[in-house]
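K.L.:
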Amino acid sequence: MRVLVTGGAGFLGSHLCDALLSEGHSVVAVDNLITGRTINLDHLSREPRFEFREADICHEFDCGKVDYVFHFACPASPVDYMVHGIATLKVGSAGTFNALEVAKRYGAKFFLASTSECYGDPTVHPQPETYWGNVNPVGPRSVYDEAKRFSEAVTSAYRRYHNVDTRIVRIFNTYGPRMQINDGRVIPNFMKQALTGEDLTVYGDGSQTRSFCYVSDEIAGILKLAWSDEHKPTNIGNPGEFTILECAKRVIEVTGSKSKIRFEPLPQDDPKQRRPDITKAKTLLGWEPKIDLMTGLRLSLDYFRETVQKTAAVTG
Ligand SMILES: NC(=O)c1ccc[n+]([C@@H]2O[C@H](COP(=O)([O-])OP(=O)(O)OC[C@H]3O[C@@H](n4cnc5c(N)ncnc54)[C@H](O)[C@@H]3O)[C@@H](O)[C@H]2O)c1
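Take the sequence shown: its letters are residues 255 to 570, numbered as in the working numbering.
1) Beta carbon of residue 374: closer than 8 angstroms to some heavy atom of ligand 1?
2) Just checking my contact of residue 546 with residue 494 at CB under 8 angstroms: how many whole Å lie between their CB atoms?
3) Determine the DSSP secondary structure at residue 567, reduced to helix, strand or coil.
4) From the DSSP output, in three-state form, read off residue 373 for me.
5) Output the distance between the C-alpha atoms of residue 271 and residue 480, rounded to the nearest integer angstrom.
6) Secondary structure at residue 381, three-state DSSP: helix, strand or coil?
7) Please tell me whether residue 293 and residue 345 are closer than 9 angstroms, where the distance is taken between their beta carbons.
8) If we ignore side chains and look at the alpha-carbon of each, how far apart do residue 435 and residue 561 end up?
9) In terms of residue numbering, what span does the beta strand (DSSP E) encompassing residue 244 cover?
10) What runs of the beta strand (DSSP E), each 3 residues or longer, lie entirely inside the segment 327-359?
11) So does residue 402 have its beta carbon nearer than 8 angstroms to some heavy atom of ligand 1?
12) Please report the distance separating the alpha-carbon of residue 572 from that of residue 409.
13) Under 8 angstroms: does the beta carbon of residue 345 sit that close to some heavy atom of ligand 1?
14) Using the three-state DSSP reduction, which class does residue 432 fall into: helix, strand or coil?
15) Cβ of residue 329 within 8 angstroms of any heavy atom in ligand 1?
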C-alpha cells in the first residue's frame, strides 16, 4: 500500500511511519513542523519507500494516489496546544476536512488519531467508548478537546455521507523516545527534572491519576485497529492507573536522581482521573499493552538522558 501519514514528523507519527515501513508499505509523511521535528525522520532519509513533504494540511493538498490516510497532525501536548490554540482548532477542523478529502478522492481508508481528551474531566471511570464526555467548551483546554471532538464528527459524517471507510482511535497518554523534552507532558517533564537534578513539579496534591502507555504498545494497537473493520471510536491505552505522585516517585527511582518533589497549584480543567476501559480493544482486536510503567521508563531512559545532555550542550 501507499500510505499517507499527516503529522508524520511528530512523536507518534514518526513511530507510525517506522511501523508501516516495516510492514512493507510505502509512506508519504506530510507535516508543517509546528510541533514536529525532522530529526524524528532522519533515520529514514535513505529509505526509498519513504517520502517527506513539508506542508500545512489546513490548506488543500495532494500527494498523489494513496490507499490509506492516517491523520495524526495536531499539536498534542498541553504546552503546545495552549501556545498554538488557533492552529490546533484549524488543523482539527480544516485539516481534518482536507485529509478526508484526500481519502475520498482516492477511495482510500481513513484513520483518525483522536484522544482521551474527548472525555474531558470524566464523571465515569474508567472511560468506555460509549461515554460521551464532560468537556468545558470554553475552557483553556477546549482548543484541543473540542477540535478532536469535531474531528470525530467530521470523520463520522464522511463515512455516512461519502462512504469513506473510516477508523477512529482514542489514544490515551502515550510516552517514549522522540517526545519533546519541553512539551509539558508528565513523563518528559519528570524525566527532564530528574535528570537535571531539579525538583519534580507535581500539580495539586498529586492524587489525580493518569495511565501511561508505552509507544510500541500504542502503535501496535493502532495498527490492529487500522487493519480491522471497526469504524466506531476505540480506546487504545494502558489501563494501569497511577497517581501523578506515584509516577514522580517511579521516575526518581528509574533515573536514580536525588531530586525532590515540589507541589504547585492545579491548572484549570485538569482532569482528576483518566483511565481507559480497553475491554473493546481486547475483545475485538485481541490487543492489550505488554509494557508496564517501570519497564517503559527504563526503555525511554537513554533517549531522555541523551536529549537532556544535547539540550544542555546547546544552551551552554
Ligand atoms: N501522544 C499522546 O499521548 C497522544 C494522546 C492522545 C492523542 N494523541 C494524538 O496523536 C497525534 C500525534 O500526537 P503526538 O503526541 O505525536 O504529537 P506531536 O506534536 O509530536 O505530533 C503532531 C504532528 O502534527 C504536525 N502538525 C500539526 N499541525 C499541522 C498542520 N496544520 N499541518 C501539518 N502538520 C501539522 C506537527 O508538526 C507534529 O509533527 C495527535 O493527533 C494527537 O492529538 C496523542
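Just so it is clear, CB atoms sit at the ideal spot from N, CA and C, and this is done for glycine as well.
The structure displayed is predicted, hence computed values, not measured ones.
P.N.:
Based on what the coordinates show:
1) For ligand 1, not one heavy atom lies less than 8 angstroms from the Cβ of residue 374.
2) Indeed, because the Cβ distance is near 6 angstroms, the residues count as touching under 8 angstroms.
3) Per DSSP, reduced to three states, the secondary structure at residue 567 is helical.
4) Residue 373: helix per DSSP, three-state reduction.
5) One Cα belongs to residue 271, the other to residue 480, and the distance between them is close to 14 angstroms.
6) The answer is strand: DSSP assigns residue 381 an E or B state.
7) Annotated as distal: residue 293 and residue 345, with beta-carbon spacing of 9 angstroms or more.
8) It is roughly 7 angstroms from the alpha-carbon of residue 435 to the alpha-carbon of residue 561.
9) For the chain, the structure presents residues 255 to 570; residue 244 sits outside this window and is missing.
10) Entirely contained in the segment 327-359, not one beta strand (DSSP E) run reaches 3 residues.
11) Under cutoff, so the answer is yes.
12) Outside the displayed span of the chain (255 to 570) sits residue 572, for which this structure offers no information.
13) For ligand 1, at least one heavy atom lies less than 8 angstroms from the Cβ of residue 345.
14) In the structure shown, residue 432 sits in coil (DSSP, three-state: anything other than H, G, I, E or B).
15) Yes.
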